[in-house]
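First up is the structure itself, then whatever we jot down about it.
Residue numbers (the numbering used here), protein chains in the order written: chain D, 9 to 259; chain H, 9 to 259; chain V, 9 to 259; chain Z, 9 to 259; chain U, 9 to 259; chain F, 9 to 259; chain L, 9 to 259; chain W, 9 to 259.
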């Protein structure tokens, strides 16, 4: 970005760009809806468009943010969405797709790149599927190649060991688990790639809505594990995609 | 106990026991020191003598409680003891033994039974040794046969799988771990006997002094795991011994 | 298990088992549904089949997991189940039984053994019944002999003392209590067998959904108490059954 | 107090009291040291003088507050005091007495009344003594008749039942316990008088410095229990004395 | 109670009571319903009958416990009751009265004594009324004289000071407040009688369902305050009644 | 206020005010409804009338408190109100206005002053709007000039930097944010006026209903930030108005 | 700042400023020490220089940051400083002053303005003095007029009411309190200016190192209260000064 | 690994490997010290040798584990080490290097590869240096190219924007911050590579030893952030190195 700034200042000095225009370029790159300031510059800065976190937004607001992104040629990804949000988006963007399990609404930009590497998503149990699927959909939407490995929790560690092959082939792992959240620790001890741990709110009592799994994952005795928020499949999928982009760019 | 009461009342009716004596037997079976009421009836009720939890007690108080127990022919086991407590006990009971790692002081009663079965104590890491040793010493003191298996944490799950033989031979397992506390879940999936989980305060940051391990163990996705207090090696050793006694009595 | 591995390798060396077959036996013993990897090897490893924790699973998923277990001749036990889950299972397995209070669905394998010993389940109050009943049903399903003793909370400690006989006869106790969770401490002081403590979410305000009872039980001043998750009647019943199996095997 | 105000206003109207004097009486009744505003009016309002909580105050500050109270003929009670605080007070008030166990410094006013009724202080274990003794000293200092009953914790409930006589004779009970804090619940079920529960920080691990005992006591299933802060023997002794004063005044 | 036991043993010795009868009297004084063990001996031990905490009990269970108490001539007080519980009780006990605000169902025993003294219930705000009313109804039901003083929170401390007269006349105060829970501290500084503090779950955000008020009350800088559980109006009313009984007995 | 008291006492001394009248003036300035004690003196003491916090109050209670305030010529502001509360108020006060987003009901007093300065309300995201709007409405209702700047969260810090002009012109800033609550820290580093931080409950998982944002704001490394309760737009708007009044009075 | 940017771009366009120089002005205004990046631009942006938070920094680091600030003609204020930090600063800046109670090191810039208005700092008790003094020193250092009012806690609310005059004269109040933290609520009900609440870690047990006071202050039922971190006297003093600057600028 | 297993079984079948040898290879690859089971197979499985977490281990234990690793030609990295641990290691391994700030002891294997890409470590403030340096040393030790950027906290966001160049050049970012922990959110909005967030325990009061920063980072509104344990510089450095290895392998 600094390079852009230097060039812009030189253009101002050269008279090829007016000061007022330069000012606008420096301070102004958002699409202002009444209720939101869509950050259309984000792909430039961070490589990915802004995603829409649905809770607390009306279906109408979601649809208009989605439209602002799509108009700018950017991929739309709305998370924690419900049926109503989807219908509202679909009315404006007919290509929108809803994944009921993952609770995502997606309109993929046509120029989405195909990334190198492979993301392997593992879950501790069947109840962790919605969060795991959110991670998988996120990574796929942004161009990554994703494999799924469901229900390989640590109570039957042989189920996991039996899939060493898939672990060996992955570029990055996403380990999704609730309850005691031990999956990332065990997985990380079997893998030579980064493990992104996603605690889920699956459990009851002293699970405290995912706190137990979160703390366990943060305290993993196996290094190479980093953690995202409880139930934050999107965040894990996003980070995995960034890592795949490194693999892509390094080629 | 109710059988005792029925018999006692019949003896009162028969005149062979005076009412005052009966009253005393029903309500009174403790050794009153000035500062403590040593529960000498506990072996009768619970099968084991009272143990001495040292913190908050002066060396002098510890020594006198120890003496009251020893005088009644009962085993002395003082936990979380330091050097001073040991010396104070040793002055009164020269047979007292101090285990510096486990922080225990022991004077074993001569009639301690030898129990059937085997207790296997496992630790996640080297830093968990003091708590694990407290568990092991406790079980040994009360008559159990104890095996130790140190440093088989889940980050290298093959270290644990390599010891399936020892797991298969145990009557009851004590799994001691700090940090993410995942050991009991993995162990329980490999064993067909009860696993007593002991969270330790080993760790830092979001371990919150053992809270992370405690919550993880309570949320174990593998059944057959129950949990004692953080760093409570004594409690785990005690319960394991009770289970060995069931094995003994069932013979 | 290691014994099996040694034998298998000898058979490979002897040519009686092909390497590919050996490979499959070592790494592969699960029934793969689309959404779940049912661990059919668990009875071999842990002595009991996998149970089904219903929350977060659809009725359909529950039914298919149940069917996979039943097809393998294993007992089906689904916990925290509702009416819909039951109906879905019953459509596939007509022998399924629903316990509305305990919220369990059960299809018992015909070869379930009858275990030695006796499990005594105690509750602090009437509101603890659903959790206590889940514990009782679990133990019965797996072959244990179970007695129930309801509403003997510590506010009227004489109600508990009056039942010393039942306590004396038990092989293992399950003490279920909410609110201040004091029942296991008092019970353990009256018993010479292990006490499995189950905190319940019964209470309000500073009970924090069972946290108060959980912490109290973990801090029991009476040894011989270990604790399972809040409302985890299943876990307690399971562990009690393991202990009864020790009594059975030691005969 | 309103009676005083009405009378004062009438005196102003009658000219027997000047407005300025009345103003002072209404708004001004404190002894201003540089660092503290000693509330000498408190006995008038609340029946007892202000007590001195020592932590965070210098020995010098403590001594000067003590002197201000003593000069006004009021009883001095300093809590959580150490040797230095005591020496500093003694230099100004030679009658000051230090109780090392309870960590109190006391200079009793000569006109302290003798109160009716009896306060019975019970502890769960020997480690709870310092807090229990603070409660006992507080009640005695303010004129109550106090009995002590140490080490009657719930792990040996017979020790407590054996002392029903003493419980029956008390006007108010103070139950002091750490760990699982179950003593007040059991005691309250045996008594027909109020039980003031004092959680102590005795314990480790999931005791969380007394939090477990505090929560347990707040959730007591036996009514008639109210709770003061962790380790707050002073507060319990104070409230017990107020109750004894009701017994005294009702005579 | 010990007096009863001594006398009973003497009667056994004298032959006037058979051993079996004595045994029953010692260990057996409860009314056993299928799901509950109603503690009919409680008035004898604690001066008040058992109350019924409704949540977690079916309307049918509540009604049968109520009937067991009423049949024994004891007062029925059911708390946190709803319309359905009331109707179920009323079907068996037509005199039952429902207080919708306090959520209590009451059937008062005809021989309830009239107690000396006065209970003053204060609230911080209008939203605290349900809990305050539960306290007031409880005390009235058990025979106390109760006054109510609503909405005198500390944001307008003059509202409270204006009622010093009522404070001066009370035997015991119940201060009910949510949010910052400061009312008991201020009230206790104006009163020379015990203050029972009841935190309520009124508030939002960092109130954490009453935790803020609870902690504030436990840390009151004014002594003479003790605290019951969040929203536990019943507990406060019960304890206030016990204090009034002391005033009554001391007459 | 002391000035009023001095003058009043002089009038009593002069005979121009009767003692009884003086007494009433000193202790009595509230409007007593059956369920509430409306503090009509508050504008005199604090400059603003009492506001109505709706949760826990019936629509009827809300309407009568509103009427008592309006009758005294004071502005009515009811917060966290719903449709029903609004209708109930409107039936008594037809000028009442409902803001559905902010959940406020307002009846503005005709003599509300126009304050100097400007309040700038910023939000991190669209989901924070309801709380931000509550802050804005509150400040406007009490006479402040309010500007809104929505959706300038720190993930796109350029959106915020682009609005430095608006920040420079404000007298006081209200920064409303959920999730990681970083907005106030960044804003405060760009502003030379006070920042009132409002954490919102927007977020999920380890947001713990706004706790994460609250803690972050309290730990702001940028000084000049102070914090109100989670979701407490009203409190922030109120304090901002007080600061504008300082600007007004200093003119 | 945007005005500066517009002007700068016009100067670049006019050729009076080189692009490289403009670039540096836009992105570069810090003093880079090896271990710190002193933000010398802060007075320009926020009106006050950067302060030095000492914990975690070596005396040497503190001294060099102080020197960097002083060299730029800016006021030095180091907080939570100890003797060693002071000496290290004094060696480089001989005018440095240490306040032992407040733990501040100050070197005041000669051009510090004198601000209008008055800051009144109140404490609940003597133990709160260090934090209160930190607030007072901070405000004085930055040019505010500060008054102190110590030990007016709510247990003797008359002490506070007696000082209504001082409250009436203040422009902004800082209320410092530990334990139950009720002071700000009561004060705010007596004042028509903003109250900045500072919870202190004074207290024990369920104070949880100031958490109780913090939560209470956040839940204040009196509006006009905002809160800074526990023991953060600096933050409160800083914000109070900002408010006084508004009073100054509005003149 | 499965490939290894298949090949091994074929060798057994072919008779070129004895069954016993195969057994050993499958289950046994650790170096057994008396107190530890050093996992020498870890580089094979995870690409990096086991690191030594020092707390809870004696200097002697640390030294022997270090020696076991070095003997196997593996890099030694001991974290949270003190002077004594270093000296103990140095006695056995004279090449050991101690970094006092980072508290690391390192003996680098001669064949450590040089990795592609660049790790940029940023800190919020000077007090975060020890943790940041631990991250940097870890990454360097394992072969990564590391750049440091200290003291760019969000209170002066321009300091960070001024370094956009360095951010643009990095392959992966490590953002280390205490207090409100906002740095990763802001950084992630400026970067198109993964951000590993490290909360530190820097702060006081409501920082709760790093909990505030941890929660903030987990709730980052900017995606592409994942989090390790509080003060876990090692974990962050390790994961960053894994990502650099992906960049290396993809070349």
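Even for Gly, the Cβ is constructed at its ideal location relative to N, Cα and C.
Using a Cβ-Cβ cut-off of 6 Å (strictly less than) and excluding sequence neighbours within five positions of residue 140 of chain F, which residues of its own chain qualify? 129, 131, 184
Below 8 Å on the Cβ atoms is my guess for residue 111 of chain F versus residue 89 of chain F; work out the distance and round it to an integer in Å. 5 Å
Check the C-beta distance from residue 241 of chain F over to residue 143 of chain F and give it rounded, since I have them as a contact under 8 Å. 4 Å
Figure out for me which residue from V:119, V:210, V:223 has the closest Cα to the Cα of residue 214 of chain Z. V:223
What residue range does the beta strand (DSSP E) around residue 106 of chain F cover? 105-107
Residue 155 of chain D versus residue 256 of chain W - alpha carbon distance: 23 Å
C-alpha distance - residue 36 of chain F paired with residue 157 of chain U, whole-angstrom precision: Only weak support is given to the placement of residue 36 of chain F: the predicted model assigns it a pLDDT of 49, under 50, and the value that follows is read from those uncertain coordinates. Using only the alpha carbons, I get a separation of about 14 Å.
Hey, residue 244 of chain U and residue 206 of chain U: beta-carbon distance below 8 Å or not? yes
Residue interval of the alpha helix (DSSP H) (run including residue 73 of chain H): 67-79
Under 6 Å Cβ to Cβ from residue 114 of chain U, same chain only, skipping five residues before and after it: list those, please. 85, 105, 149
Chain W contact for residue 240 of chain F (CB, 8 Å cutoff): no
So is residue 134 of chain F in contact with chain D if we call contact Cβ pairs under 8 Å? yes
Reference residue 96 of chain U; option with closest CA among U:52, U:66, U:136, U:81: U:66
Can you name the residues of chain V whose CB is closer than 9 Å to the CB of residue 218 of chain U? 213, 214
Using a Cβ-Cβ distance under 8 Å, would residue 154 of chain D count as near chain V? no
Contact defined as beta carbons within less than 8 Å: I believe residue 23 of chain F pairs with residue 21 of chain Z. What is the distance between those atoms, to the nearest angstrom? 7 Å
Tell me the residue span of the beta strand (DSSP E) that contains residue 207 of chain W. 203-207
On the three-state DSSP scale, how would you describe residue 236 of chain V? coil
Cβ of residue 36 of chain F less than 8 Å from any chain L Cβ? Residue placement at residue 36 of chain F cannot be trusted, given a pLDDT of 49 that sits under 50; the coordinates are not used to answer.
Any alpha helix (DSSP H) of 4 or more consecutive residues that is wholly inside the stretch 149-211 of chain L: 165-169, 172-177, 191-196
Ends of the alpha helix (DSSP H) at residue 219 of chain F? 219-226
Roughly how many angstroms separate the alpha carbons of residue 51 of chain W and residue 169 of chain H, rounded to a whole number? 19 Å
Could you check the C-alpha separation between residue 9 of chain V and residue 82 of chain V for me, to the nearest Å? At residue 9 of chain V the pLDDT is 43, less than 50, meaning the model places this residue with poor confidence and gives no usable figure here.
9 Å Cβ cut-off: residues of chain L touching residue 229 of chain U: 132, 133, 161, 162, 163, 185, 186, 187, 188, 190, 211
Residues within the stretch 52-74 of chain W neighbouring chain H, beta-carbon criterion of under 7 Å: 63, 64, 65, 69
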